[in-house]
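Numbering (full-length UniProt numbering), first residue to last: 1 to 484.
We treat Cβ as the ideally placed atom computed from N, Cα and C, and that holds for glycine.
Note sheet for the following structure.
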């Protein structure tokens, strides 16, 4: 059952080949068997999952044909789940039991999916390797000596090892696409505002966006239908008519205009990765697409701009963790100031502290105009570059990560090198446009992802483009042999 697509699982449930309880028990057994090797899960919700599965079976018996009804999934541990620990991968929230459900969690529950648990992640979504988690690093199912990518590494590794058919992730600077690429699965970062941020613990509010992670583009489309939608509780949520993201699947690629940015294939990109990505793009040409060289003149500024804006917003958002209202509190504080200082010093990890300090400095008197304001001006230039590009082409393609998955511990003591892992993904978040990663091949037996970037609200188009590629290739069907 764990090798089947979401469509196949749904058909199996409706035709009574298996029940939701049997399906849930199957995946729970796989988690118990394999997760000790991977560390994908922070919390397993077995009792609740079986109760949800029983409820799904009752709905199925009554003729309910909701597309995802009874299918198991997992939530990244950044989404609040009522009555269940929501840790954000941090010691600061190790004892936090969420008192409500995030909007995404509500929507998934309404659609009848079965939540198996909460997945591991970089602390407060800050990281590119899933090594900053208080609960230890997640390991890549293709090679357990390698990182799975971050910050949604637990979700990506769980889907890749077929411990769950689908999982939620969040993407602030590439945190869905990069782990999807390094783990050989598909992941979608939507247009900013299409998925509610209510109940999604904030890192950088103007950049954070939830999205689906699954084996294929078709699975992503089904899952995204359940996640997307307007939420009046989120002031950045977009009020748009509901869209069926599966409706465009099957459209021809003939005449599709693909932009290939020269800036994405320069210095810093591993030659073998470049060859895999270029071969994938050529596959689209064979399907009738047209290739165009395009310029994104300000893309080289995306990393420095991001690492001013994101830490600035992080320093503001994380000010609430003071040891007073919820979360970690130091023992026997001398006074209020000591409570604040030691609770934060003991509760946050090194990477979170680093970003808080950078952000606080950038927002301080005398530096705001020189750093934060300038970074926001660069952000506008980057966004304008994409607007110009989409006047010429329908989609932009390139690499997701400059290298295959690197080894655990290889970059953990070199923050700048780690930050450059996101060099091809960050600009998309700054512009607020959608992008996705799909499996495109391997280098030294480690997966490589192809990035598809679209204009605002072009998710259905991107998903179809990816689906057509996956109809012609089988990279998305490859499975880590150690977790068969």
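Using C-beta distances below 6 angstroms, list every residue in its chain close to residue 43, excluding the 5 sequence neighbours before and after it, in chain order. 85, 117 and 118
Does DSSP put residue 82 in a helix, in a strand, or in coil? coil
By DSSP, does residue 76 sit in helix, in strand, or in coil? strand
Counting pairs of beta carbons, one from the segment 378 to 397 and one from the segment 332 to 347, are three or more of them closer than 8 angstroms? no
Going residue by residue through the segment 430 to 475, where are the continuous alpha helix (DSSP H) segments of at least 4 residues, counting only ones entirely within it? 459 to 472
Between the segment 288 to 300 and the segment 255 to 262, can you find at least three pairs of beta-carbon atoms closer than 8 angstroms? yes
Looking at the secondary structure, which residues open and close the beta strand (DSSP E) in which residue 213 lies? 210 to 214
Using 8 angstroms as the threshold, is the segment 87 to 105 in touch with the segment 182 to 194, meaning 3 or more CB pairs across them? no
So, is the C-beta of residue 87 closer than 8 angstroms to a C-beta in chain D? The chain inventory of the structure shown lacks chain D, comprising one protein chain alone.
Opposite residue 186 in the DSSP bridges: which residues? 214
Rounding to the nearest angstrom, what Cα-Cα distance links residue 78 and residue 105 in this structure? 11 angstroms
Check residue 369 in the structure and name its three-state DSSP category. helix
Using a threshold of 8 angstroms, state whether the C-beta atoms of residue 208 and residue 172 are closer than that. yes
In the DSSP assignment, what residue or residues form a beta bridge with residue 290? 257
Would residue 217 pass as a contact of residue 6 if the rule is Cβ separation under 8 angstroms? no
7 angstroms CB neighbourhood of residue 357 in its chain, flanking five on each side removed: none
Three-state secondary structure (DSSP) at residue 308? helix
Could you tell me if residue 36 is buried or exposed, where buried requires 16 or more neighbouring beta carbons within 10 angstroms of its beta carbon? exposed
Segments assigned beta strand (DSSP E), at least 3 residues, entirely inside the segment 107 to 179: 114 to 119 and 166 to 170
Secondary structure of residue 92, DSSP reduced to three states: helix
Among residues of its own chain, excluding the 5 on either side of residue 251, which ones have a beta-carbon nearer than 7 angstroms to its beta-carbon? 464
Please say whether residue 243 and residue 473 have beta carbons closer to each other than 8 angstroms? no
If you compare alpha carbons, which of 307, 314 and 253 is closest to residue 288? 253
If you draw a straight line from the C-alpha of residue 281 to the C-alpha of residue 398, how long is it? 8 angstroms
Kindly indicate which three-state DSSP category residue 400 falls into: helix, strand or coil? coil
So what does DSSP say about residue 200, is it helix, strand or coil? strand
Nearest to residue 444 by CA position, among 346, 415, 405 and 455, is which residue? 405
Starting from residue 363, trace the alpha helix (DSSP H) both ways and give me its first and last residue. 350 to 363
By DSSP, does residue 273 sit in helix, in strand, or in coil? helix
Cβ-based burial, residue 484 [other Cβ within 10 Å; buried from 16]: exposed
For residue 423, does the three-state DSSP call read helix, strand or coil? coil
Close beta carbons around residue 489, own chain, < 8 angstroms, minus the five adjacent residues each side: As displayed, the chain neither begins before 1 nor continues past 484, which places residue 489 out of reach and without an answer.
According to DSSP, is residue 382 helix, strand or coil? helix
May I ask you to report which of helix, strand or coil DSSP gives residue 407? strand
What residue does the alpha helix (DSSP H) around residue 47 start on, and which one ends it? 46 to 61
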